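Protein chains: 2
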Amino acid sequence: MPLTPDVELCERWRQLMTRYHDISCALERALSQQHDLGISEFETLDLLVTSPCDKQFVHELQANMHLSQSALSRTVARLEKRGLVTRAMCSNDRRAVTVAPTEAGRRLHAEAAPTHAAILSEHRGDLQSQA
Amino acid sequence: MPLTPDVELCERWRQLMTRYHDISCALERALSQQHDLGISEFETLDLLVTSPCDKQFVHELQANMHLSQSALSRTVARLEKRGLVTRAMCSNDRRAVTVAPTEAGRRLHAEAAPTHAAILSEHRGDLQSQA
DNA sequence: AGACATTACATGCGTGCACATTTATTGTCT
DNA sequence: AGACAATAAATGTGCACGCATGTAATGTCT
Chain D
991 MPLTPDVELC ERWRQLMTRY HDISCALERA LSQQHDLGIS EFETLDLLVT SPCDKQFVHE
1051 LQANMHLSQS ALSRTVARLE KRGLVTRAMC SNDRRAVTVA PTEAGRRLHA EAAPTHAAIL
1111 SEHRGDLQSQ A
Chain U
991 MPLTPDVELC ERWRQLMTRY HDISCALERA LSQQHDLGIS EFETLDLLVT SPCDKQFVHE
1051 LQANMHLSQS ALSRTVARLE KRGLVTRAMC SNDRRAVTVA PTEAGRRLHA EAAPTHAAIL
1111 SEHRGDLQSQ A
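Top line first, the protein sequences correspond to chains D and U.
Here this note's numbering is used: the first residue of the first sequence is 991, the next is one more, and so on.
Here this note's numbering is used: the first residue of the second sequence is 991, the next is one more, and so on.
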């Protein structure tokens, strides 16, 4: 395969990088300053709170996140330490650990979600120019 | 401003995150395994080699990269230690430092660029569905 | 029951990053 | 000329991440 030097593809990758970094930096900054939440922490909380189930397995969470298994483990640990989620061993399959948001977690998520949405809205242009 | 809960915007952000992570992980893996270069290192080398000028200031590089000033400093330091770039104080403005690729740096870039392009090509679908 | 592979999560280690601080140079104001 | 603010880059610290590995529980095969 000759691998045509696709300059346009490279340019699109650059655009993607720029958009991703701009938005994620803005999110990180806003969530961190206003709610003391990192992006990964908000994302985890968001998945837990918006899920139809009241608890989820760690590996279910992981499937929906862009985080390594160990990073997720630590993220959940941080959230647990702050009393935002609870971890519990599953009785059916005792290898598994379930994670559930606490009331405090739901409250904080309710506070942080508008901030998240506002940042996304500020960057509407960057997001709308996608397919 | 009522901040309509824009689900679609959120969905687009999710797509952007997924695309970014998929591609950057693939790039990182390929460049790292085949050429012992991290993404930031390749990006830096790429900017230097493809620039019309033979040398650039660190702050010029930074303007084109998504890296903090200190992270860029370390990246350049790593490249310099491997003999891929040279750093030199600017004689006109002695605060500034210029960075230039060495012959070895140009050679390694020539080797790595096809790998970079190949990964981008593999992910053509993810990139083409942008505007 | 005993051995083995698999799955789920935790931990140690090295690395990269952001933030704050430090050092050095320049330009300006008096 | 001396003082001061601004700028460019380097450095130090602390945190989050990925990878490799460790630990524990489960299921399977004999």
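Built from N, CA and C at the ideal position, the CB exists for glycine as well.
Nothing here was measured: the structure is a model prediction, and the numbers come from that model.
Quick check on Thr-1040 (chain D): does DSSP put it in helix, strand or coil? helix
I'd like to know if Thr-1008 (chain U) contacts chain D, where contact means its C-beta is closer than 9 Å to some C-beta of that chain. In terms of beta-carbon proximity, Thr-1008 (chain U) lines the interface with chain D, with at least one pair separated by less than 9 Å.
Could you work out which residue in D:Asp-1036, D:Ser-1041, D:Val-1066, D:Thr-1040 is closest to Val-1048 (chain D) when comparing CA atoms only? D:Val-1066
Specify the secondary structure class of Ala-1121 (chain U) as computed by DSSP and reduced to three states. Here Ala-1121 (chain U) scores only 49 on pLDDT, less than 50, and its place in the model should not be relied on; the value that follows carries that caveat. Coil, per DSSP.
Does any residue of chain U bring its CB to less than 9 Å from the CB of Ser-1014 (chain D)? yes
Would you list, in sequence order, the uninterrupted alpha helix (DSSP H) runs of no fewer than 4 residues that lie entirely inside the stretch 1013-1083 of chain D? 1029-1040, 1048-1053, 1059-1071
Taking C-alpha atoms, which residue in D:Cys-1000, D:Leu-999, D:Ile-1029, D:Arg-1004 lies nearest to His-1106 (chain D)? D:Ile-1029
Closest Cβ-Cβ distance between Arg-1097 (chain D) and chain U: below 9 Å? no
Note the first and the last residue of the continuous alpha helix (DSSP H) segment covering Ala-1108 (chain U). 1093-1112
State the beta-bridge partners of Thr-1088 (chain U) as determined by DSSP. U:Phe-1047, U:Ala-1078
Which bits of chain D does Leu-1110 (chain U) rub up against, with CB to CB less than 9 Å? Asp-996, Leu-999, Cys-1000, Arg-1002, Trp-1003
Output the distance between the C-alpha atoms of Ala-1090 (chain D) and Val-1039 (chain D), rounded to the nearest integer angstrom. Straight across, the Cα-Cα distance linking Ala-1090 (chain D) with Val-1039 (chain D) is about 8 Å.
Residues in the same chain with beta-carbon distance under 8 Å from Ala-1108 (chain D), minus the five sequence neighbours each way, listed in chain order, please. Hits under 8 Å: Ala-1020.
Where Met-1079 (chain U) and Gln-1046 (chain U) are concerned, what is the direct C-alpha to C-alpha distance, given to the nearest angstrom? 11 Å
What residues in its chain sit with their C-beta under 7 Å from that of Arg-1068 (chain U), if we drop five residues either side in the sequence? Glu-1031
In whole angstroms, what separates the C-alpha of His-1011 (chain U) from that of His-1056 (chain D)? 7 Å
Suppose the cutoff is 8 Å on Cβ atoms and the five residues either side in sequence are ignored; what does the same chain contact list for Ser-1014 (chain U) look like? Ile-1029
Glu-1033 (chain D): buried (16+ other C-beta within 10 angstroms of its C-beta) or exposed? buried
Below-9 Å beta-carbon distance, Arg-1114 (chain D) vs any chain U residue: yes
At a Cβ cut of 8 Å, what residues of the stretch 1036-1068 of chain U count as close to chain D, listed as they run along the chain? His-1056
Once DSSP output is grouped into helix, strand and coil, what is the label at Asp-996 (chain D)? coil
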